[in-house]
Amino acid sequence: MTIEELERIRTEARQILAERGERFLPDGELKPPRPGEVRVVLRNCGQIDPKRIEEYIAKEGYFALHKILNMTPEQVIDETKRSGLRGRGGAGFPAGQKWFFARQALASRPAPADGAPPAYLICNGDEGDPGAFMDRAVLEGDPHSVLEGMAIAAYAMGATQGYVYVRAEYPVAVEHLQTALPQARRLGLLGKNIFGKGFDFDVDIRIGAGAFVCGEETALIDSIEGRRGEPRPRPPFPAVSGLWGRPTSVNNVETLANVPQIFLKGADWFAGMGTEKSKGTKTFAIAGKVKNAGLIEVPMGITMREIIYDIGGGILNKKEFKAAQTGGPLGGCLPAKYLDTPIDFESLVAAGSLMGSGGLIVLDENDCMVDVARFFMDFTQDESCGKCPPCWLGTKRLLEILTRITRAEGTEKDLETLEYLTQNISTASLCALGQGSVNPVVTTMRHFRDEYEAHVRDKFCSSGVCKGMFHYEILADTCNGCGACRLKCPDKVIKGAKKAVHEIDQANCIVCGDCYKACKFAAIAIRPRPTPKSKLPECG
Amino acid sequence: MTILAINGKKIEAAGGTILDVARANGIHIPTLCHHAALAPQGACRLCLVEVKGMRVLQPACTYPISEGMDVQTDSPKVRTARKFVLELLLSDHPKDCMTCETCGHCELQDLIYEYGVKETPFVGDRHLFPPDERDPFILRDMEKCIRCRRCIRACDEIQAVNALTMMNRGFRAKVATAFDTRMQDSNCIFCGQCVSVCPTGALTEKDSHGKGRDWQTTKVATTCPYCGVGCNFDLNVRDGKVVKVTSAWNAPANKGALCVKGRFGWQFLHHPDRLTTPLMKTSFWKEIKGTEGAPSPYKGFVETDWDTALDAAAGRLSAVRSADGPDALAILTSAKCTNEENYLMQKLARKEIGTNNIDHCARL
Amino acid sequence: MSGLGASFGSGAMTNSIEDLAKAKAFFVIGSNTTEQHPVIGAVVKRAVRRGAKLIVADPREIELARIATLHLAQRPGSDIALLNGLCHVIIREDLHDKKFVADRTEGFDEMKAVVGTYTPARVQEITGVPAADIEKAARLYALSKPAAILYCMGITQHAGGHATVMAIANLAMLCGNIGVEGGGVNPLRGQNNVQGACDMGGLPDVFPGYRKVADPEARASVEKAWGAALSDKPGLTVVEMMNAAHEGKIKAMYIMGENPLVTDPNLHHVEEALKKLDFLVVQDIFFTETAALADVVLPGAAFAEKDGTFSNTERRVQLVRKAVEPPGDAKPDWQIIAELAKRLNGDKASWEYASPAAIMAEAAKITPQYAGISHARLEKGGIQWPCPSQDHPGTKILHVGRFSRGLGKFSAVETIPPAEPSDSDYPLTLTTGRRLQHYHSGSMTHRVAGLNTLLPEERMEINPCDASPLGLKEGDMAVISSRRGQVKARVQLTKRIKPGVVFMTFHFPETAVNLLTIASLDPVAKIPEYKATAVNVARVE
Amino acid sequence: MSMDLDAHRPALDDIINREKAKGGALIPVLHQAQELYGYLPKELQDYIAEGLGVPQSTVFGVVTFYSFFTTKPRGRHRIGLCLGTACYVRGNTKNLERLSHELGVNAGESTPDMRYSLEVCRCIGLCSQAPAIMVGKSVHSKVQPDQVADILSQYE
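Chains as they are written, first to last, in numbering that gives the first Met the number 0: chain H, 0 to 539; chain S, 0 to 363; chain D, 0 to 540; chain Y, 0 to 155.
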């Protein structure tokens, strides 16, 4: 491959694109950019045919790779550092720095005697955060941007072999990668002596097998090596001793997809977006109780309010915003007072949450924060690898307490124990999963302490989620007797004449909530049960 | 040399982990998943220490020292974290130390004591596995397993057998053979390396149960009587009986490793079949004594005393030598006996009988 | 051991167990290491996992063969041809260590002339190992330095055992693998103290320290030490003793801690021989099959009941400590021997020993290799001989810089076929060995319940190709016959054994495989040919 | 549980031989073997262990670690009900209850006629279409409990 050939392909493919016009993903996940969005990572998603490398080339694809091969690896690292690109996988470690460390480690070690690759570049596509699917969108919609990013990163750090680790749950992403790889090889954009510059790099796909913890880089490395994905203590860091003991850099899909753009448009362009410490854009998957759920890409530093209300269209069904859950199971729940906080790595951490991979779930008044914490703990507990006791046992104990509380069996002492557990699990766990697993509990306890206390003291779930901890009452002064609730009630326990105040036969009500949903006039309220469970003997 | 500070004390060391350096300098850091014969894995979190500049506590067993490092090994934060881990472990552990085989040499028990954990604040599910007594030699009481994986690592790193693995994950994670079978149905070779490294009562020597607490036994260092590797081990003795064999980790030939025969094959010592008195063939006895003699459990033999037996043997051997010359006698000495005994046997053949007809089963 | 003595001047494991971990390659021949020397087997397995190469030559697919870089399944009794073939390829491809050969050895040209005729094609014909594998193995061994050779009874228990050991020595010297860490020729000694029994002169031709009884100088020094005149005529080996007893030339025997009626070849013959004796004394810890034929049985002590030393396969002299009392009136064997000696016209003073330490003090005086060894020193840990003086640390590796005999000697050895090749009457070749769970004649291990649970009975291993024409299925009872006798055993079908070969161990007296074996001896080493006996196998209806 | 390894042995051998040369072959081989046989029973795991030269315990340890691997046979149609955050807060537990009721099995089980197996999965990245259910490879988005029976009737 030469630059002339690449330019020729670009010219031809632009023709085709121009004739076809823009097209978007069929399932409506990725809508056209909404006001406020800036698309860098998602630039090509839905606009090109991901199964045709020519269309990627039409969008300047692989020109960045050609460009950087005329630079020294050190220059590539410096330029990346200057751009301020930080890892989009969660922790936000500077990408250029990561490559620098790996390169340094590589220089201090002899090459493997058996001709094996001296260093590895791994693309972490084990997007496990529930509620996040930007990596899937990029891998499905623009696989070559990731491959090109990988090649650039590999050149910078000195790797000759790359792996894309993709979740098994993403068959389409796998398929598109499997199509992309031979295309890139055929054009000499992967393989030996790329662009005739003496740079060798090839990529293999590894499919995950259902373990959230494999998103942690040392676990991911173990998984690629064919073992149980169990994190190891660092140091040694993968940069020094990673895949098969060689220097390795693990970078997230979104991080890598940014890389070609940085070299096409320059570090200054990238650094011009975002905040002082968090540059560029970030994709978010907004979901939950929001009108326009979906994937967006916005400059760093935008506020949650802008995302939820301006881009997301606000809360569904005129409900009250309660919290935004960011950062997935290791992130936290932020209440309304953070709506105007600019979103960047540091601010989210300061608020007790995490950028994570960019999941943003909107919760409304009908979401119980104790139950949300329990939900996440159920997840992390199930996904704990089982190696260090603070995680495998600590999260189990946390889950048990949260379950007790949501079953009206919680005690005041449980709240103390929760705090004791969360503090120590976060300092004593081996990996980020264990350390971060407590964040949903910590943030909900910090910001929604009253809900915990109501659950424990009054055995009342004001959100109407925890079974047996509330009932529905029809408000006499609001009910206009429309009868919607009576018609919807599956057990016919609502009585009331037309235009007259209705009443629920509490003795026979199964608290299914159909009436609550059916009422258009907010005339049905969630109330504590008349016989509080607190009269039951408490355990512990 | 690297200069670092541990608990404010300046220390110079050539390298290694915080744990190595601390121990070399007499600073105690508790451990549980660590074992000197195994690669460190940093899993149990008992050796957590504070490293200045690090957000979370770090495991001393895997963390390499570096220039200017400032480490606290016993700060309140560290002690709290360790106690927390112990409380967690105790919440999933039976509290039957009174009857536990390992009581008194249980590393978990020692740490619970050291950290003064009286009661665990956690109430919840506990693993309830019945003790697995289906295998010979090794009794697995998985309720007592703290998932330190020393057994798995010993089976892998020392023995290269890999009979054991972790199965499942999280709270359901468990040490098991492939498909969680009895050990006999796996590729286990019953070397017992797993038992020797287990810090609790999860893996114990089945035949030693109830035969003596660690503090009730005397350990006698000796050399294995089976093959030619020359493994060293400790015979654990109580009331004049061997009750157990334990590893000698500094043994030059085997470095603590043993095979099934060395570790578990000691029961023959106290077998009722052992010969306890000299015997003479009944016909021979009658010939020299003219009486029936004391019956023995062996058909055609009578029991006798040492003097009678030795006098008779010496008399007959001398008679053959006188009649047919020294080379009509032959002696088989033994590759099972000591050097000293072999030396005496050949001295007896060469000096007292006058023949070189001495050999043993070296060739067999 | 005599083979190594001839080649190097000292017949013992050249290197240390510890140093095997440093080998870049292993050549394991005639040793089922993981079952017979399990702890050393694990050292090899660990080294292989770390990347060391492993060549295994064995008719059975033993455990090590399964992880080997290369497995050569040679026919029993064809080892010399195989080894010569390896040397042939190494010389042909100019892979040998010319400097080592020139500086430290002699006899290269004669050896070269002989191995020159062992082309891979010819060796394939003799051994059944594909020529290409012979070439690959030769290159692997020659190009991975240091490389350690491990062997055991699979080499020595053949009609040509002595010569085979010399062929092994040739291979090691050819590649300069002697006197280096992680290299060497390492015969693994079968029993706990077989090394020590030999060191201490428990052999018919040598005094302690391998000094020949026929050597006047050696004899004079021992005579001086003991104050007695000694015979200069080398004695008989075990099998020769049995033959002499059978012929009526040996009339009395004193057997300590051995059970020839299970372990020796051609048991019918052994039984007849022992029964012909005028007088037999057996000293043991159990009433063995041999003891049943004795006139006097003396109860000895087991290892845990006495002090003393054992010398392991790597020449390490280590303490054995008394932990418990012998049962009943049983006594430590050293006391019994001394008591008996005192009654055999001996000067009683020379048999008064306060302790085994005193015996070692005396032995060390006439055993050059043990001169610096004493129980007091051993308290601090075992010492590897040679240890010529009190301040000598012991010797981890033999022949560093210089062979015990000066120059290493290449030997021109030709293949020696088994004494009893298979034929139409006895079409299969029986090879014998050991298993992990039991030991030797089983007098100890059969008295450990758990070991019997793990391995309750003997099974004859046979390839399905051989079994099916005989109508044998897994678990069937078969009768195995040789020209000397027959035994019955249950059948285990396995593809891990070469067709034409069957395998059994001698651990079970009720399946006394040595009823079948032949007492033909290697002419020099006098080791019986346990590893190749012509047999036929039939199904028991 | 016994199974017929021979059913796909040539293909299995191909997979093992192809992957063996590369490092870390175990997980790719398990994926493909499960694709062939539907599940990973003992016989198959042992065969793979032998073929790749890895300990049986390692294979077993890996199979039980990753939730994607199963040692039990599964139904013709695999229902994957997402309990990722978005699907959870949008009420997929109600759909799970309904599915469980309709099929008469719990999550993690298969119907006796092996028509369906019901599995709960973590986020499948369909958050904007929550609550979502996958049957085989087809996606059902924004599912309400009342639609469950209808969805089930689409698969034979």
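Here a beta-carbon is modelled for each residue, glycine too, at the ideal position from N, C-alpha and C.
As the structure is a computational prediction, the values presented were derived from the model and not from experiment.
CB of residue i within 7 Å of CB of residue j, strictly
| i | j | result |
| --- | --- | --- |
| H/His454 | H/Ile523 | no |
| D/Ile154 | D/Ala171 | no |
| S/Leu18 | S/Met68 | no |
| Y/Glu42 | Y/Leu4 | yes |
| S/Thr354 | D/Gly201 | no |
| D/Tyr117 | D/His95 | no |
| S/Tyr225 | S/Lys254 | no |
| Y/Leu98 | Y/Leu117 | yes |
| H/Ala431 | H/Glu215 | yes |
| D/Leu69 | D/Lys135 | yes |
| S/Asn410 | S/Cys154 | Only positions 0 to 363 of chain S appear in the structure, and residue 410 of chain S is not among them; the question remains open. |
Residue i: first and last residue of the uninterrupted alpha helix (DSSP H) it sits in
| i | result |
| --- | --- |
| H/Leu392 | Here H/Leu392 belongs to no alpha helix (DSSP H), and DSSP marks it neither H nor E. |
| D/Val38 | Pro37 to Arg48 |
| D/Glu457 | Here D/Glu457 belongs to no alpha helix (DSSP H), and DSSP marks it neither H nor E. |
| D/Arg65 | Glu62 to Arg65 |
| D/Glu134 | Ala130 to Leu142 |
| S/Asp19 | Ile17 to Ala23 |
| D/Met110 | Phe107 to Val114 |
Expected contact under 8 Å - CB spacing of residue i and residue j to nearest Å
| i | j | result |
| --- | --- | --- |
| H/Leu353 | H/Gly311 | 20 Å between Cβ atoms; not a contact. |
| H/Pro72 | H/Ala155 | 5 Å |
| S/Glu204 | S/Lys243 | 5 Å |
| D/Ser230 | D/Ile365 | About 16 Å separates the two Cβ atoms, so there is no contact after all. |
| D/Val319 | D/Ile382 | Incorrect: roughly 14 Å between the Cβ atoms, too far for contact. |
| H/Leu294 | H/Phe132 | 7 Å |
| H/Lys458 | H/Ala407 | 4 Å |
| D/Phe26 | D/Ala146 | 6 Å |
Element boundaries [beta strand (DSSP E), containing residue i]
| i | result |
| --- | --- |
| H/Asn250 | Thr247 to Asn251 |
| S/His126 | Unbroken run through S/His126: none, as it is neither H nor E. |
| H/Thr421 | H/Thr421 -> not in any beta strand (DSSP E); alpha helix (DSSP H) instead, spanning Glu411 to Ala427. |
| D/Asn169 | D/Asn169 -> not in any beta strand (DSSP E); alpha helix (DSSP H) instead, spanning Gly160 to Leu173. |
Cβ neighbour criterion (16 or more within 10 Å) applied to residue i
| i | result |
| --- | --- |
| H/Arg19 | exposed |
| H/Tyr164 | buried |
| D/Cys464 | exposed |
| D/Trp350 | buried |
| S/Gly227 | buried |
| S/Lys346 | buried |
| D/Trp384 | buried |
| H/Asn192 | exposed |
| D/Ala545 | Given that chain D is displayed from residue 0 to residue 540, the structure contains no residue 545 of chain D and the question cannot be resolved. |
| D/Val539 | exposed |
**Item:** Given 8 Å, three or more beta-carbon pairs between the region 368–377 of chain H and the region 442–460 of chain H
**Value:** yes
**Item:** Segment contact, 8 Å Cβ cut-off, at least three pairs: the region 254–265 of chain H with the region 33–41 of chain H
**Value:** With a cut-off of 8 Å on Cβ pairs, the region 254–265 of chain H is in contact with the region 33–41 of chain H, counting three or more such pairs.
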